[in-house]
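Q:
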């Protein structure tokens, strides 16, 4: 019977933390940076390997869905992979990797859950680049406004909208990231801060 793959978890943790690794032993993957995008792409690869149905919303939040016996609202779990400058290697990442491991364990044991499961990787959850935290999840909640994307900027004067556009995202489609009320049965986050 399949068990939690500690070695697999550690391997993924090491692989993910090579992206943006600093000489001081931390990681720097600022929100809407090339490093964050590379980390999200790696998570997308792992989702596909697990057979999840993968999609990105208009702000780049990544979702991997596994069907349940019933259709309808999913149980959503995950976190983020961006960091503060020279940040810790576990913040956010643990929530994403544990969610992937849990879904993989269900698949290995042929467990079909009652409701769909979704693993999410939210974008730009740390406040260090633009001075405001939780941008990806705010977009999902519908509390981020398009004008915020043009107003908020980093230390170099780059706005959120410009940073998104540099990654091929379309800030004008912000409203499409909003999830309808009731579209998630529950949200569970394993978080190390």
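In this note's numbering, the protein residues as written are 146 to 338. Beta carbons are placed, not taken as given, at the ideal position from N, Cα and C, and that holds for glycine. Being a predicted model, the structure only gives us computed values, none of them experimental.
Would you mind working out which of 192, 184 and 294 sits nearest residue 247, comparing C-alpha positions?
A: Out of 192, 184 and 294, 192 has the C-alpha closest to the C-alpha of residue 247.
Q: Quick one: what does DSSP say residue 278 is sitting in, helix, strand or coil?
A: If DSSP states are grouped into helix, strand and coil, residue 278 belongs with coil.
Q: Does the distance from the C-beta atom of residue 232 to that of residue 171 stay below 9 Å?
A: Yes, they are a contact pair.
Q: Name the two residues that bound the continuous beta strand (DSSP E) containing residue 267.
A: It spans 262-267 - the beta strand (DSSP E) in which residue 267 sits, taken as one unbroken run.
Q: Looking at residue 329 and residue 204, is the spacing between their C-beta atoms short of 9 Å?
A: Not in contact: residue 204 and residue 329 (Cβ atoms no closer than 9 Å).
Q: Could you tell me the boundaries of the alpha helix (DSSP H) in which residue 142 lies?
A: Since the first residue shown for the chain is 146 and the last is 338, residue 142 is missing from the structure and cannot be characterised.
Q: In terms of residue numbering, what span does the alpha helix (DSSP H) encompassing residue 221 cover?
A: Residue 221 -> not in any alpha helix (DSSP H); beta strand (DSSP E) instead, spanning 219-225.
Q: Which residue wins for smallest C-alpha separation from residue 218, given the options 163, 324 and 198?
A: Measuring from the Cα of residue 218, the nearest candidate turns out to be 324.
Q: Between which two residues does the beta strand (DSSP E) harbouring residue 177 extend?
A: Note, residue 177: premise wrong, no beta strand (DSSP E); not H, not E.
Q: Based on the DSSP secondary-structure assignment, which residues constitute the bridge partners of residue 298?
A: According to DSSP, which records beta bridges pairwise, residue 298 is partnered with 304.
Q: Starting from residue 209, follow the beta strand (DSSP E) in both directions and report where the run begins and ends.
A: It spans 207-211 - the beta strand (DSSP E) in which residue 209 sits, taken as one unbroken run.
Q: Between residue 260 and residue 302, what straight-line distance do the alpha-carbon atoms span, to the nearest angstrom?
A: Their Cα atoms are separated by approximately 44 Å.
Q: Count Cβ pairs between the region 175-187 and the region 298-316 that sit closer than 8 Å; are there 3 or more?
A: Counting Cβ pairs under 8 Å, three or more are found: they touch.
Q: Between 198, 161 and 251, which lies nearest to residue 187 when the distance is taken from Cα to Cα?
A: It is 161.
Q: Count the other CB atoms, across all protein chains shown, that sit within 10 Å of the CB of residue 305; report buried if there are 16 or more and exposed otherwise.
A: Its Cβ being crowded by 16 or more others within 10 Å, residue 305 is buried.
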